[in-house]
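Colleague:
Protein chains: 4
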Amino acid sequence: MSSDNKDRPLAGWRLRLYETVYESETTAGKLFDICLLIAIVASLIVVAWESVPDLSETQLRVLSTIEWSLTVLFTFEYILRLIVVRRPLRYVASFYGLVDLVAIAPMYLAIFVPGMQYMIVWRSLRLLRVFRILKLGPFVQEASQLTEALVASRRKIIVFFSSLAILAFIFGTFMYVIEGPDNGFKSIPIAIYWAVVTMTTTGFGDIVPRTGLGQAIASFIMLLGYAILAVPTGIITAELASRHHKITTQTCPSCLKQGHETDAKHCKFCGTAL
Amino acid sequence: MSSDNKDRPLAGWRLRLYETVYESETTAGKLFDICLLIAIVASLIVVAWESVPDLSETQLRVLSTIEWSLTVLFTFEYILRLIVVRRPLRYVASFYGLVDLVAIAPMYLAIFVPGMQYMIVWRSLRLLRVFRILKLGPFVQEASQLTEALVASRRKIIVFFSSLAILAFIFGTFMYVIEGPDNGFKSIPIAIYWAVVTMTTTGFGDIVPRTGLGQAIASFIMLLGYAILAVPTGIITAELASRHHKITTQTCPSCLKQGHETDAKHCKFCGTAL
Amino acid sequence: MSSDNKDRPLAGWRLRLYETVYESETTAGKLFDICLLIAIVASLIVVAWESVPDLSETQLRVLSTIEWSLTVLFTFEYILRLIVVRRPLRYVASFYGLVDLVAIAPMYLAIFVPGMQYMIVWRSLRLLRVFRILKLGPFVQEASQLTEALVASRRKIIVFFSSLAILAFIFGTFMYVIEGPDNGFKSIPIAIYWAVVTMTTTGFGDIVPRTGLGQAIASFIMLLGYAILAVPTGIITAELASRHHKITTQTCPSCLKQGHETDAKHCKFCGTAL
Amino acid sequence: MSSDNKDRPLAGWRLRLYETVYESETTAGKLFDICLLIAIVASLIVVAWESVPDLSETQLRVLSTIEWSLTVLFTFEYILRLIVVRRPLRYVASFYGLVDLVAIAPMYLAIFVPGMQYMIVWRSLRLLRVFRILKLGPFVQEASQLTEALVASRRKIIVFFSSLAILAFIFGTFMYVIEGPDNGFKSIPIAIYWAVVTMTTTGFGDIVPRTGLGQAIASFIMLLGYAILAVPTGIITAELASRHHKITTQTCPSCLKQGHETDAKHCKFCGTAL
Numbered sequence: 017m018s019s020d021n022k023d024r025p026l027a028g029w030r031l032r033l034y035e036t037v038y039e040s041e042t043t044a045g046k047l048f049d050i051c052l053l054i055a056i057v058a059s060l061i062v063v064a065w066e067s068v069p070d071l072s073e074t075q076l077r078v079l080s081t082i083e084w085s086l087t088v089l090f091t092f093e094y095i096l097r098l099i100v101v102r103r104p105l106r107y108v109a110s111f112y113g114l115v116d117l118v119a120i121a122p123m124y125l126a127i128f129v130p131g132m133q134y135m136i137v138w139r140s141l142r143l144l145r146v147f148r149i150l151k152l153g154p155f156v157q158e159a160s161q162l163t164e165a166l167v168a169s170r171r172k173i174i175v176f177f178s179s180l181a182i183l184a185f186i187f188g189t190f191m192y193v194i195e196g197p198d199n200g201f202k203s204i205p206i207a208i209y210w211a212v213v214t215m216t217t218t219g220f221g222d223i224v225p226r227t228g229l230g231q232a233i234a235s236f237i238m239l240l241g242y243a244i245l246a247v248p249t250g251i252i253t254a255e256l257a258s259r260h261h262k263i264t265t266q267t268c269p270s271c272l273k274q275g276h277e278t279d280a281k282h283c284k285f286c287g288t289a290l
Numbered sequence: 017m018s019s020d021n022k023d024r025p026l027a028g029w030r031l032r033l034y035e036t037v038y039e040s041e042t043t044a045g046k047l048f049d050i051c052l053l054i055a056i057v058a059s060l061i062v063v064a065w066e067s068v069p070d071l072s073e074t075q076l077r078v079l080s081t082i083e084w085s086l087t088v089l090f091t092f093e094y095i096l097r098l099i100v101v102r103r104p105l106r107y108v109a110s111f112y113g114l115v116d117l118v119a120i121a122p123m124y125l126a127i128f129v130p131g132m133q134y135m136i137v138w139r140s141l142r143l144l145r146v147f148r149i150l151k152l153g154p155f156v157q158e159a160s161q162l163t164e165a166l167v168a169s170r171r172k173i174i175v176f177f178s179s180l181a182i183l184a185f186i187f188g189t190f191m192y193v194i195e196g197p198d199n200g201f202k203s204i205p206i207a208i209y210w211a212v213v214t215m216t217t218t219g220f221g222d223i224v225p226r227t228g229l230g231q232a233i234a235s236f237i238m239l240l241g242y243a244i245l246a247v248p249t250g251i252i253t254a255e256l257a258s259r260h261h262k263i264t265t266q267t268c269p270s271c272l273k274q275g276h277e278t279d280a281k282h283c284k285f286c287g288t289a290l
Numbered sequence: 017m018s019s020d021n022k023d024r025p026l027a028g029w030r031l032r033l034y035e036t037v038y039e040s041e042t043t044a045g046k047l048f049d050i051c052l053l054i055a056i057v058a059s060l061i062v063v064a065w066e067s068v069p070d071l072s073e074t075q076l077r078v079l080s081t082i083e084w085s086l087t088v089l090f091t092f093e094y095i096l097r098l099i100v101v102r103r104p105l106r107y108v109a110s111f112y113g114l115v116d117l118v119a120i121a122p123m124y125l126a127i128f129v130p131g132m133q134y135m136i137v138w139r140s141l142r143l144l145r146v147f148r149i150l151k152l153g154p155f156v157q158e159a160s161q162l163t164e165a166l167v168a169s170r171r172k173i174i175v176f177f178s179s180l181a182i183l184a185f186i187f188g189t190f191m192y193v194i195e196g197p198d199n200g201f202k203s204i205p206i207a208i209y210w211a212v213v214t215m216t217t218t219g220f221g222d223i224v225p226r227t228g229l230g231q232a233i234a235s236f237i238m239l240l241g242y243a244i245l246a247v248p249t250g251i252i253t254a255e256l257a258s259r260h261h262k263i264t265t266q267t268c269p270s271c272l273k274q275g276h277e278t279d280a281k282h283c284k285f286c287g288t289a290l
Numbered sequence: 017m018s019s020d021n022k023d024r025p026l027a028g029w030r031l032r033l034y035e036t037v038y039e040s041e042t043t044a045g046k047l048f049d050i051c052l053l054i055a056i057v058a059s060l061i062v063v064a065w066e067s068v069p070d071l072s073e074t075q076l077r078v079l080s081t082i083e084w085s086l087t088v089l090f091t092f093e094y095i096l097r098l099i100v101v102r103r104p105l106r107y108v109a110s111f112y113g114l115v116d117l118v119a120i121a122p123m124y125l126a127i128f129v130p131g132m133q134y135m136i137v138w139r140s141l142r143l144l145r146v147f148r149i150l151k152l153g154p155f156v157q158e159a160s161q162l163t164e165a166l167v168a169s170r171r172k173i174i175v176f177f178s179s180l181a182i183l184a185f186i187f188g189t190f191m192y193v194i195e196g197p198d199n200g201f202k203s204i205p206i207a208i209y210w211a212v213v214t215m216t217t218t219g220f221g222d223i224v225p226r227t228g229l230g231q232a233i234a235s236f237i238m239l240l241g242y243a244i245l246a247v248p249t250g251i252i253t254a255e256l257a258s259r260h261h262k263i264t265t266q267t268c269p270s271c272l273k274q275g276h277e278t279d280a281k282h283c284k285f286c287g288t289a290l
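Chains as they are written, first to last, in our numbering: chain Y, 17 to 290; chain A, 17 to 290; chain P, 17 to 290; chain H, 17 to 290.
1. Could one say the Cβ of S140 of chain A lies closer than 8 Å to chain Y's Cβ atoms, at least one of them?
2. Would T227 of chain P count as contacting chain A if we go by Cβ distances under 8 Å?
3. For a contact meaning CB atoms closer than 7 Å, what does G200 of chain Y contact in chain P?
4. Within 8 Å, do at least three Cβ pairs link the region 239-253 of chain H to the region 159-174 of chain H?
5. Under the rule that 16 or more other beta-carbon atoms within 10 Å means buried, what is L31 of chain H, buried or exposed?
6. Look at the alpha carbon of I252 of chain P and the alpha carbon of A165 of chain P, and state the distance between them as a whole number of angstroms.
7. With DSSP run on the structure shown, which of helix, strand or coil describes I251 of chain Y?
8. Determine the contact status of V63 of chain P and I204 of chain H, defining contact as a CB-CB distance below 8 Å.
9. Rounded to the nearest angstrom, how far is the Cβ of Y94 of chain A from that of L60 of chain A, given a contact under 8 Å?
10. With 8 Å set as the bound, which would you pick, yes or no: does the beta-carbon of A246 of chain H sit closer than that to a beta-carbon of chain P?
11. Using alpha carbons as the reference points, say which of P:V115, P:Y192 and P:P104 lies closest to R139 of chain P.
12. Judging by CA-CA distance, which residue of H:S67, H:D198, H:A58 and H:G241 is the nearest neighbour of P69 of chain P?
13. Which residues in chain A have a C-beta closer than 8 Å to the C-beta of I252 of chain Y? List them in chain order.
14. Nearest-angstrom Cα distance between F92 of chain A and G221 of chain P?
15. Can you say whether P130 of chain Y is buried or exposed, counting buried as having 16 or more other CB atoms within 10 angstroms of its CB?
16. Taking 8 Å as the CB-CB limit, is G219 of chain P close to chain Y?
17. So with Cβ pairs under 8 Å, would you call V175 of chain Y a contact of chain H?
18. Pick from Y:E66, Y:V57 and Y:A181: whose alpha carbon is nearest that of L141 of chain H?
19. Can the beta-carbon of A55 of chain H be found closer than 8 Å to that of L86 of chain H?
20. Output yes or no for whether 8 Å exceeds the beta carbon distance between W65 of chain Y and L79 of chain Y.
21. CB-CB under 6 Å to D23 of chain A, same chain, minus the five flanking residues each way: which ones, in chain order?
Written out as structure tokens, the structure reads:
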């Protein structure tokens with residue numbers, strides 16, 4: 017994030033504006049974040065709505081007006097962020113800075129380059145800001161617990177997905193050889209796509225096995241996919257469950273260490289009574 | 017619930033009727049609840065049956081007769097509840113009071129306003145009363161354990177669903193841009209609907225990607241949805257598992273501590289017999 | 017099961033045959049059970065094969081011969097069981113006795129009543145005997161652990177399925193009102209069937225929502241079904257995990273009680289050192 | 017694996033080459049493995065690409081050239097492995113030796129036998145070598161933990177899959193009798209295939225029940241499949257969770273006991289510092 021201390025103005029109106037625009041600790045900051053969130057959601061609804069076919073001339077004009085108003089608003093917000101921060105170039109190059117720029121640029125570019133307005137989809141990335149607001153208060157612990165559990169089991173997840181990818185390739189190629197292009201398995205990449213659709217038990221039904229052998233192997237693939245769903249679930253659950261036992265944030269009065277279980281009486285690191 | 021003490025008549029026939037109609041501790045009360053449950057289920061079957069096309073004249077007449085009889089029965093029950101309770105207006109404004117009214121009103125309104133009989137679907141909400149009956153006996157602990165586990169992990173669930181909604185929006189918009197209206201992704205809202213269908217591994221197959229890039233991204237969305245199913249499962253399981261160990265609320269008579277396991281005979285903190 | 021002591025012959029050839037036919041402790045008994053299993057599987061393959069359309073005259077004749085041979089074999093086995101057991105009527109009225117009769121009767125009835133041979137599907141129930149064989153050796157503990165976990169959480173499962181049924185009814189009726197017969201939701205029962213297909217994330221795609229509101233509600237139903245899959249998983253997992261801690265079959269030398277955790281040093285019931 | 021000590025040359029250039037080709041401890045060995053992995057992935061992409069219909073003459077020629085180059089490379093690698101190892105016949109007969117041969121043989125056979133090039137799909141099995149590379153470093157523990165959990169619960173998994181197979185057979189046969197060939201359930205094997213598609217909640221939608229009774233049973237099958245997904249998940253999770261608590265294999269220097277948690281500093285049995 018670009019909100020570390022060196023970016024923060026020291027005093028005056030810039031500090032007050034910085035606290036409003038970049039932080040969420042003050043009332044004005046919270047209000048700003050909530051208004052921003054509503055504006056982002058509104059702009060996303062407008063983008064989605066505009067894509068609906070057979071809109072009347074009036075509807076399109078209204079939607080276009082709202083979209084331009086919101087874009088101008090987001091432009092002002094972007095300029096405000098540039099003025100208020102102490103190191104504007106660091107903000108421009110930061111993740112959120114790039115997202116903020118990418119969210120407004122396509123609208124202006126679309127005047128010169130037709131078809132560019134589709135890039136407004138990137139604006140949806142701004143929704144990630146919602147997590148900054150959720151960071152306030154009791155959601156911090158929950159979100160960080162989930163993230164920690166995912167990070168702690170990242171290696172198991174990589175092993176799992178590698179196995180899944182190899183299985184999808186092998187099964188896909190097999191099914192291509194067995195079913196062939198006449199039954200919808202037009203090429204090996206499409207057969208691999210079908211294998212993923214089947215292993216994840218999604219089952220679109222756009223491509224289905226027609227031969228007896230193909231249906232037998234498809235049954236096996238489905239059962240496999242159905243059963244190995246247990247593996248990622250087991251990984252995350254075991255991780256979350258192990259976190260449940262050390263949920264207290266109590267600190268040992270002697271060695272100042274945390275991580276004690278809920279019903280622990282003595283510090284497990286130095287033996288001092290808690 | 018509207019069954020707190022101030023609603024309860026003090027003595028006489030009203031108390032006895034109150035115990036039958038509102039409570040389930042007496043034999044008459046249990047019998048009343050079971051009969052009511054059967055009547056609700058019967059009326060729901062009739063409503064469902066009536067919607068089946070190509071019924072004969074006789075079938076329709078029989079179904080209509082049963083439905084009117086049950087509606088009259090429910091009307092009598094509603095009036096009985098009004099008479100018996102000490103503060104009828106509180107009952108009328110309570111959740112169950114509204115559900116009870118909404119369950120009978122559409123039938124009478126349908127005489128004047130055609131098409132109103134469809135609103136009888138709200139009658140299905142009366143099925144929620146079944147949980148009042150289940151509250152009797154050993155189901156209490158189970159239902160409350162499940163509810164507690166869900167409530168305790170509500171914040172994690174909100175974080176999870178927010179992430180899912182943002183992902184569905186981003187993937188939906190991407191797929192709309194990649195596949196376009198010619199391949200069935202007619203608008204961004206429909207593409208978001210498709211993204212939800214795919215991420216939850218439902219896979220209706222009414223809209224499917226046709227381009228190579230679209231199928232590659234669809235594969236990724238499916239694998240993601242398949243894997244992140246592990247997250248809510250992990251949340252609920254870890255919660256339920258942690259509840260398993262401290263199932264009794266028994267307090268040690270000597271050291272006054274709680275958290276003893278179900279089959280423990282001695283306090284695990286001080287050794288006193290429980 | 018019909019294999020309790022009062023059914024067992026006391027001595028002689030009947031005891032030896034009883035041990036072979038009803039039990040699996042002797043070598044002959046194990047061999048008999050494995051042969052029986054192979055015969056059941058073979059007869060099922062034959063029944064399945066016969067249903068395939070466009071078989072040649074020769075194939076049908078061969079399949080019919082095998083089926084009659086196996087039926088005669090099963091008839092002999094049934095008569096043998098009647099002769100060998102001490103209380104034949106109890107066997108006839110027992111679960112396995114009825115299954116054994118139902119597995120052979122349709123073939124003979126089909127001579128007089130055409131179409132009766134379809135009832136041979138009940139023969140597949142005989143496959144349940146496979147579990148008797150699996151009971152031998154190390155599968156006992158695993159199968160009983162799974163069964164115990166399911167039995168212990170049966171009330172939670174009933175609460176869960178009741179909620180699911182009520183949700184399916186409510187969502188189905190809503191979708192019938194919203195989408196209507198023109199979009200495939202021909203009646204409320206069919207709409208409930210669709211709601212089950214959607215909530216379980218099966219998604220056949222034979223009926224799909226066409227209106228915007230219908231698709232929005234369908235998205236919600238899918239997400240709900242996707243997330244509440246966590247509930248039964250959590251129930252079973254928490255149950256199985258709690259069983260993991262008391263896996264030792266060690267018996268306390270003083271009070272003869274079991275159920276001690278793996279790393280326990282003292283009996284948790286009487287305090288004697290293990 | 018064929019990399020035990022008796023296969024290893026004692027000294028000289030053969031030992032250095034052996035360390036490069038068969039092992040991954042040296043820098044050259046790691047580089048060789050990574051290059052091999054890239055070559056395998058490249059050859060798989062080429063095989064998949066070639067299957068895409070409507071490629072231009074030039075594209076096909078380029079792909080064919082790459083494929084032949086890679087095949088020659090793999091041939092050299094195979095010969096190198098034969099030269100370098102001390103017991104070449106043992107390598108030829110080993111699992112990886114067979115996979116390596118099967119990965120190159122079809123290309124040469126395809127010159128004489130047309131259609132043989134399809135067998136190149138076996139080359140995808142070479143991807144299993146990727147796990148040898150992953151064995152280096154911190155993936156060892158994760159992969160072995162997952163494998164151990166699966167091995168430890170193999171009996172429960174067998175019991176689970178047997179039950180699933182019996183259920184699929186019973187439900188499939190029932191649905192064949194109820195729906196019949198006119199509604200797409202053309203034979204019992206196809207109905208069993210449908211039952212697997214439905215129980216795993218895949219739901220292709222190529223075969224769907226049309227009768228009311230069929231849809232009711234299908235709903236039941238889906239709910240059952242949806243709920244029993246909890247069983248394999250519970251098995252794996254309980255296994256992984258129990259592994260989480262005893263992750264170190266460290267032995268206490270004083271009482272020689274194992275089973276200490278990862279962050280424990282003192283033996284939990286005797287208090288000695290670990």
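We put the beta carbon where it would ideally sit given N, CA and C, even for glycine.
On a predicted model such as this, the values are computed, not experimentally measured, just so you know.
Modeller: Well, looking at it:
1. Within the second sequence, the letter at position 124 stands for residue 140 of chain A. It does not; no Cβ of chain Y falls within 8 Å.
2. Walking along the third sequence from the start, residue 227 of chain P turns up at place 211. No, T227 of chain P does not count as interfacial toward chain A.
3. Here residue 200 of chain Y refers to the residue found at position 184 of the first sequence. Neighbours of G200 of chain Y on chain P: none; closest Cβ ~15 Å, over 7 Å.
4. yes
5. The residue labelled residue 31 of chain H in the question sits at position 15 within the fourth sequence. Flag for L31 of chain H reads exposed.
6. Your numbering for residue 252 of chain P matches position 236 in the third sequence. Your numbering for residue 165 of chain P matches position 149 in the third sequence. Cα to Cα, I252 of chain P sits roughly 7 Å from A165 of chain P.
7. Here residue 251 of chain Y is taken as the residue at index 235 of the first sequence, counted from 1. In this structure, I251 of chain Y counts as helix in the three-state DSSP scheme.
8. Taking the first residue of the third sequence as 1, we reach residue 63 of chain P at position 47. Taking the first residue of the fourth sequence as 1, we reach residue 204 of chain H at position 188. Contact flag set, yes.
9. Taking the second sequence and counting its residues from 1, one reaches residue 94 of chain A at position 78. Taking the second sequence and counting its residues from 1, one reaches residue 60 of chain A at position 44. Rounded, the Cβ-Cβ distance is 17 Å, inconsistent with contact.
10. Against the fourth sequence, residue 246 of chain H aligns to sequence position 230. Yes, its Cβ sits closer than 8 Å to a Cβ of chain P.
11. On the third sequence, position 123 is the one that residue 139 of chain P refers to. Checking every option, the nearest Cα to that of R139 of chain P belongs to P:V115.
12. Here residue 69 of chain P refers to the residue found at position 53 when the third sequence is read from its first residue. That would be H:D198, whose Cα lies nearest to the Cα of P69 of chain P.
13. Stepping through the first sequence from its first residue, residue 252 of chain Y is reached at position 236. Within chain A, the residues near I252 of chain Y are A246, V247, T249 and G250.
14. Numbered from its first residue, the second sequence carries residue 92 of chain A at position 76. Numbered from its first residue, the third sequence carries residue 221 of chain P at position 205. Roughly 44 Å between the two C-alpha positions.
15. Here residue 130 of chain Y refers to the residue found at position 114 when the first sequence is read from its first residue. Flag for P130 of chain Y reads exposed.
16. Within the third sequence, residue 219 of chain P is the residue found at index 203, counting from 1. Answer yes: the Cβ-Cβ gap between G219 of chain P and chain Y drops below 8 Å somewhere.
17. As a first step, residue 175 of chain Y must be located in the first sequence, where it is residue number 159. For V175 of chain Y, the answer is yes, since a Cβ of chain H falls inside 8 Å of its Cβ.
18. For the purposes of this step, residue 141 of chain H is identified with residue 125 of the fourth sequence, where counting begins at 1. L141 of chain H has its Cα closest to that of Y:A181, out of Y:E66, Y:V57 and Y:A181.
19. Taking the first residue of the fourth sequence as position 1, residue 55 of chain H is located at position 39. Taking the first residue of the fourth sequence as position 1, residue 86 of chain H is located at position 70. Yes, the pair counts as a contact, with Cβ atoms nearer than the cut-off.
20. Taking the first residue of the first sequence as 1, we reach residue 65 of chain Y at position 49. Taking the first residue of the first sequence as 1, we reach residue 79 of chain Y at position 63. Yes, the pair counts as a contact, with Cβ atoms nearer than the cut-off.
21. Counting from 1 along the second sequence, the entry for residue 23 of chain A is found at position 7. Around D23 of chain A: V101, R102 and R103.
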